[in-house]
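Visitor: Reading the sequence shown from the start, the letters are residues 1 to 266 in full-length UniProt numbering. Ideal placement from N, C-alpha and C gives every residue a C-beta, glycine not left out. Pasting in a structure now, in structure tokens, and then I'll have a few things to ask.
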Amino acid sequence: MSLPAAAGSGSNAGAANFSELMTGTDGTGISQVITDSYDVLYGSWPEAYNEVVLVLNEDNGISAETLCQLGFITEEQYENAAERIENGGGAGAISFDYEEISGHTFYLVPACDYYMENENGTFTYMEDSTLYEEKLLENAVELKITGIIRPKEDARNAAISTAVAYTPQLTDYIISHTDESPVIRAQEADSSRNVLTGMAFETSDDAAKAKDAKEYLSSLSISEKASFYQLMVYYTSENTEAGASSGGQTGMAAKKDPVIALRTEG
């Protein structure tokens with residue numbers, strides 16, 4: 001079957017499927033412990049900040065919920081698979097071509113980009129990202145799948161726990177991007193006032209104010225409960241019906257999650 005394109009709306013559930021690859025002993029590249037624990041089924045390990053790998057389980061599978069959150073299958077396909085499982089059947093085979101999967105792209109929107117400046121100089125967190133999607137995507141990072149990996153048989157250090165893994169370079173990029181973002185720069189420029197509420201910090205000492213401002217920003221939760229330095233939301237590259245809304249993902253959690261095998265066609 002052809003790989004469905006994914007929805008333009010982002011989700012924290014989708015972001016939860018991403019994690020950073022362990023670095024080498026010298027602090028660069030990917031740890032040999034990781035590369036020795038996985039077979040590369042297609043493509044290659046990521047090297048650049050905007051490259052990721054798709055991680056399968058030992059049976060070439062990924063849970064249907066994860067596939068839906070990442071935009072590889074539609075919510076309808078997920079519901080059908082879950083229903084078959086609940087009725088005592090199998091999830092049903094869905095075959096993907098590895099080349100098609102590797103062409104799948106995501107758009108990463110850093111958390112700091114969700115804060116829009118108001119006329120009075122304060123910043124507001126845009127909870128309804130769909131209304132500001134075009135603006136958010138202007139500076140989004142396009143992530144490309146460069147490889148598909150699977151734990152080696154009897155591997156003891158197959159420690160990647162998510163379906164997608166990215167390089168430490170992406171973390172460095174996000175930190176730099178966050179430090180240069182309007183909301184962070186505005187807060188650093190005025191340590192006496194909370195740029196999100198407009199209220200003054202209670203401490204009088206400048207050093208304490210700066211410390212309060214930094215701590216406030218790094219621990220801010222608002223409704224999404226995400227730090228500025230976290231990888232916040234992931235967008236896939238096309239706007240279609242694939243991918244679930246937040247409501248759909250809530251519904252998924254109540255169902256037994258089937259695992260769907262990915263394999264080459266032919």
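#1: Beta-carbon within less than 7 Å of Q32's beta-carbon, same chain only, minus the 5 sequence neighbours each way: which residues are those?
#2: Can you tell me which of the three DSSP states P151 falls into?
#3: Excluding five sequence neighbours on each side, which residues of the same chain lie with their C-beta closer than 6 Å to the C-beta of T66?
#4: Which two residues bound the contiguous beta strand (DSSP E) that contains A165?
#5: Under a three-way DSSP split, which group does V53 fall into?
#6: Which residue wins for smallest C-alpha separation from A48, given the options A82, T28, G198?
#7: Give a yes or no on whether the minimum CB-CB distance between V33 and chain C is below 8 Å.
#8: Taking W45 and V52 to be in contact with their CB atoms under 8 Å, please state how far apart those CB atoms are, rounded to whole angstroms.
#9: Just the Cα atoms here: how many angstroms apart are H104 and S63?
#10: Would you list the one or two residues that DSSP bridges to E117?
#11: Applying the 10 Å Cβ sphere with the 16-neighbour rule, what's the burial state of L108?
#12: Kindly indicate which three-state DSSP category I160 falls into: helix, strand or coil?
#13: Take the Cβ of R185 as the centre, count every other Cβ of all protein chains shown within 10 Å, and call the residue buried at 16 or more, exposed below.
#14: Could you check which residue in T146, I160, R193 has the C-alpha nearest to that of K152?
#15: Cutting at 7 Å between CB atoms, please list the residues of its own chain near Q230, excluding the five before and the five after it.
Guide: From the atom records:
#1: For the purposes of this step, residue 32 is taken as residue 32 along the sequence shown, with counting starting at 1. The answer, listed in chain order, is G24.
#2: Within the sequence shown, the letter at position 151 stands for residue 151. DSSP places P151 in strand when its eight states are reduced to three.
#3: Against the sequence shown, residue 66 aligns to sequence position 66. Cβ neighbours of T66 beyond the five flanking positions: N17, A163.
#4: As a first step, residue 165 is located in the sequence shown; it is residue number 165 there, counting from the start. Run containing A165: 164-166, per the beta strand (DSSP E) assignment.
#5: Walking along the sequence shown from the start, residue 53 turns up at place 53. Strand, per DSSP.
#6: As a first step, residue 48 must be located in the sequence shown, where it is residue number 48. Among A82, T28, G198, the Cα nearest to that of A48 belongs to T28.
#7: Of the protein chains in the structure, only one exists, and it is not chain C.
#8: Working through the sequence shown from its first residue, we reach residue 45 at position 45. Working through the sequence shown from its first residue, we reach residue 52 at position 52. Not really, about 10 Å apart at Cβ, beyond 8 Å.
#9: Position 104 of the sequence shown, counted from the first residue, corresponds to residue 104. Position 63 of the sequence shown, counted from the first residue, corresponds to residue 63. Cα-Cα distance, rounded: 17 Å.
#10: Along the sequence shown, one-based indexing puts residue 117 at 117. Answer by DSSP bridge pairing, in chain order: F123.
#11: The count along the sequence shown starts at 1 and reaches residue 108 at position 108. Buried, because 16 or more other Cβ atoms sit within 10 Å of the Cβ of L108.
#12: Start at 1 with the first residue of the sequence shown, and residue 160 comes out as number 160. If DSSP states are grouped into helix, strand and coil, I160 belongs with coil.
#13: Here residue 185 is taken as the residue at index 185 of the sequence shown, counted from 1. Exposed, by the Cβ-count rule.
#14: Taking the sequence shown and counting its residues from 1, one reaches residue 152 at position 152. With distances taken between Cα atoms, K152 lies closest to I160.
#15: In the sequence shown, the residue the question calls residue 230 occupies position 230. Low per-residue confidence applies at Q230: pLDDT is 41, beneath 50, and the placement is therefore not dependable, though the value from the model is reported in the following sentence. If we look at Q230 and ignore the five residues flanking it on each side, its Cβ neighbours are A111.
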